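Numbering (the working numbering), first residue to last: 3 to 410.
Below is the structure:
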């Protein structure tokens, strides 16, 4: 099966399914992951949930993967594709795709992030996932520096790039999806990091949660110090363990000398010569597939119908409106007077009573997001109004990715 789209009615269950989710910008990485998997397990063609729109490249039809759309997995399109940023939509689609595959009859589902690489047989891993309800991989298996351990605690004990679920863990998937739908933010100061921090609760809340301590699984920049990469008889090892799955989390293909942009940047040199070589080789592989696919960073859900970019704050406002947002019908359509975009440009209600003609609904929400701006311009309906408006034009537009269509 190569690059085919699998509709909800066509999909039939089986013993084991591997899957990932990706927007178009990571499609090349997903293809590299799929190739690496099928090279080792020809019978395990992965399902790829694409959280984007636009014409799919013809090359995708020749890739060893099966495409599943957002519609197939039952996600409410406008509510999520408009209300969530690209990375948020991906983390919500992850548990939704796992649930969908379980519901059509697969007994075991293994999720891998698109920026992973399968390096050796996964039989032992799949067996553990099949016997457990939920299987998670911790970021760390050994003591490290206090600073590193605190950083890991902030983002989560377990890494959400690998999650295994059997039919016994169906309740966990529903709970996980519900939590990510409620709050898919990157807000570590408030104990939320997309879908990941919720996994900390899984071992105590659900029966049959297995913590996978295989040092060859989910090998990444955060644990390579404790299990340095090397080659033995031509095979990649992490410490003494055969590498099964590498994870290139936060890896910028344009800077292969940097292993990750996370934690302020991690040098590939600092992880050892073999790691440096692996990152360079991975970058070359993905760049070649990106070239074949004609990949770009454009996001199909990133603009209004007119082509105006959708600011992140507009997505936040839409999500916060809840059921009230339904009155806008299609929020992407900014070409009619009653559109959501026009409402964003309408005068805001300040203090639930006073309408401030110079401050729009969009900029009133930006104001509430910024304690520093509130401190600088405390009297938004009085003496500080003009100063705030000047700030939006001099700094606010750029700082919040807001286009000229929303200038005040």
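The beta carbon of each residue, even a glycine, is placed where N, CA and C say it ideally should be.
Here the structure is a predicted model, which means the values were calculated and not measured.
(request) Pull up the distance between the alpha-carbon of residue 121 and that of residue 280, whole angstroms please. (result) Computed Cα separation, rounded: 11 angstroms.
(message) Please report the distance separating the alpha-carbon of residue 50 from that of residue 358.
(response) Whole-angstrom Cα-Cα distance: 47 angstroms.
(message) Considering only DSSP beta bridges, list what residue 249 is partnered with.
(response) 118.
(request) Return the residue from the list 237, 109, 60 and 163 that minimises the CA-CA distance to residue 172. (result) Distance from the Cα of residue 172 is smallest, within the candidate group 237, 109, 60 and 163, for 109.
(message) Give me, in chain order, the residues of the same chain whose beta-carbon lies closer than 8 angstroms to that of residue 271; leave out the 5 immediate sequence neighbours on both sides.
(response) The residues are 259 and 278.
(message) Beta-carbon within less than 8 angstroms of residue 346's beta-carbon, same chain only, minus the 5 sequence neighbours each way: which residues are those?
(response) Once the five neighbours on either side are set aside, the close Cβ partners of residue 346 are 316, 319, 362, 363, 364 and 408.
(message) Looking at residue 240: is its Cβ nearer than 8 angstroms to the Cβ of residue 253?
(response) Between residue 240 and residue 253, the gap from beta carbon to beta carbon reaches 8 angstroms or more.
(message) Distance check for residue 371 and residue 399, CA to CA, integer angstroms please.
(response) Between the C-alpha atoms of residue 399 and residue 371 there is a straight-line separation of about 14 angstroms.
(request) Decide if the stretch 156 to 164 is in contact with the stretch 191 to 204; the criterion is three or more beta carbon pairs, one per stretch, under 8 angstroms apart. (result) Counting C-beta pairs with one atom in each stretch, the stretch 156 to 164 and the stretch 191 to 204 have three or more that are closer than 8 angstroms, which means they touch.
(request) Please look up how many angstroms separate the CB atoms of residue 204 and residue 138, rounded, as I've assumed it's under 8 angstroms. (result) Confirmed, about 7 angstroms.
(message) In chain order, what are the residue ranges of uninterrupted alpha helix (DSSP H) at least 4 long that sit wholly in the stretch 145 to 175?
(response) Here the runs fully enclosed are 148 to 157.
(message) Beta-carbon within less than 8 angstroms of residue 33's beta-carbon, same chain only, minus the 5 sequence neighbours each way: which residues are those?
(response) Around residue 33: 62, 65, 67, 291 and 295.
(request) Write down the C-beta distance between residue 111 and residue 182 rounded to the nearest angstrom, noting that I regard them as a contact closer than 8 angstroms. (result) Their Cβ separation, rounded to whole angstroms, is 16 angstroms, which puts residue 111 and residue 182 out of contact at 8 angstroms.
(request) Can you give me the start and stop residues for the beta strand (DSSP E) that residue 370 sits inside? (result) For residue 370, no beta strand (DSSP E) run applies; the uninterrupted alpha helix (DSSP H) run containing it begins and ends at 363 to 371, by DSSP.
(request) For the alpha helix (DSSP H) holding residue 294, just list the boundary residues, first then last. (result) Here the alpha helix (DSSP H) through residue 294 covers 275 to 295.
(request) State the Cα-Cα distance for the pair residue 84 and residue 185, rounded to the nearest angstrom. (result) If I take the Cα positions, the gap works out to 15 angstroms.
(request) Give me the Cα-Cα distance between residue 106 and residue 178, rounded to the nearest whole angstrom. (result) In this structure, the CA atom of residue 106 is about 19 angstroms from the CA atom of residue 178.
(request) Just the C-alpha distance for residue 46 and residue 36, rounded to the nearest angstrom, thanks. (result) Cα to Cα, residue 46 sits roughly 9 angstroms from residue 36.
(request) On the DSSP bridge assignment, give the partners of residue 212 in chain order. (result) Bridge partners of residue 212: 137.
(request) Counting only the same chain and skipping the five closest in sequence on each side, list residues whose C-beta sits under 6 angstroms from that of residue 404. (result) Taken in chain order, the residues that qualify are 313.
(request) Report yes if the CB atom of residue 143 is closer than 8 angstroms to the CB atom of residue 230, and no otherwise. (result) For residue 143 and residue 230, no; Cβs fall outside 8 angstroms.
(message) Measuring only the C-alpha atoms, how far is residue 134 from residue 98?
(response) Distance between residue 134 and residue 98, taken at the CA atoms: about 20 angstroms.
(message) Is there a C-beta anywhere in chain B that falls below 8 angstroms from the one on residue 127?
(response) The structure shown contains no chain B, having only a single protein chain.
(request) Rounded to whole angstroms, what's the CA-CA distance from residue 245 to residue 406? Just pull it up for me. (result) The alpha-carbon of residue 245 is positioned some 50 angstroms away from that of residue 406.
(message) Cutting at 6 angstroms between CB atoms, please list the residues of its own chain near residue 282, excluding the five before and the five after it.
(response) Result list for residue 282: 258, in chain order.
(message) Quick check: the Cα distance between residue 73 and residue 87, rounded to an integer number of angstroms?
(response) Those two C-alpha atoms are separated by around 18 angstroms.
(request) Can you tell me which of the three DSSP states residue 374 falls into? (result) Residue 374: helix per DSSP, three-state reduction.
(message) Please state the DSSP three-state secondary structure of residue 219.
(response) In the structure shown, residue 219 sits in coil (DSSP, three-state: anything other than H, G, I, E or B).
(message) Rounded to the nearest angstrom, what separates residue 103 and residue 19 at their Cα positions?
(response) Rounded to the nearest angstrom, the two C-alpha atoms are 7 angstroms apart.
(request) Determine, using beta carbons only, whether residue 115 and residue 249 come nearer to each other than 8 angstroms. (result) Result yes, Cβ atoms of residue 115 and residue 249 sit closer than 8 angstroms.
(message) Once DSSP output is grouped into helix, strand and coil, what is the label at residue 75?
(response) The answer is coil: DSSP assigns residue 75 none of H, G, I, E or B.
(message) Output needed for residue 162: all residues of its chain with C-beta closer than 7 angstroms, excluding positions within five of it in sequence on either side, in chain order.
(response) The residues are 197, 198 and 201.
(request) Kindly list the residues whose CB is nearer than 6 angstroms to the CB of residue 27, restricted to its own chain and excluding five residues on each side of it in sequence; keep chain order. (result) A distance below 6 angstroms between beta-carbons, with the five flanking residues on each side excluded, links residue 27 to the following residues of its chain, in chain order: 299.
(request) Between the Cα of residue 128 and those of 269, 301, 216 and 323, spot the shortest distance and give me the residue it belongs to. (result) It is 216 whose Cα lies nearest to the Cα of residue 128.
(request) Note down the Cα distance separating residue 273 from residue 213, rounded to an integer number of angstroms. (result) Distance between the alpha carbons of residue 273 and residue 213: 25 angstroms.
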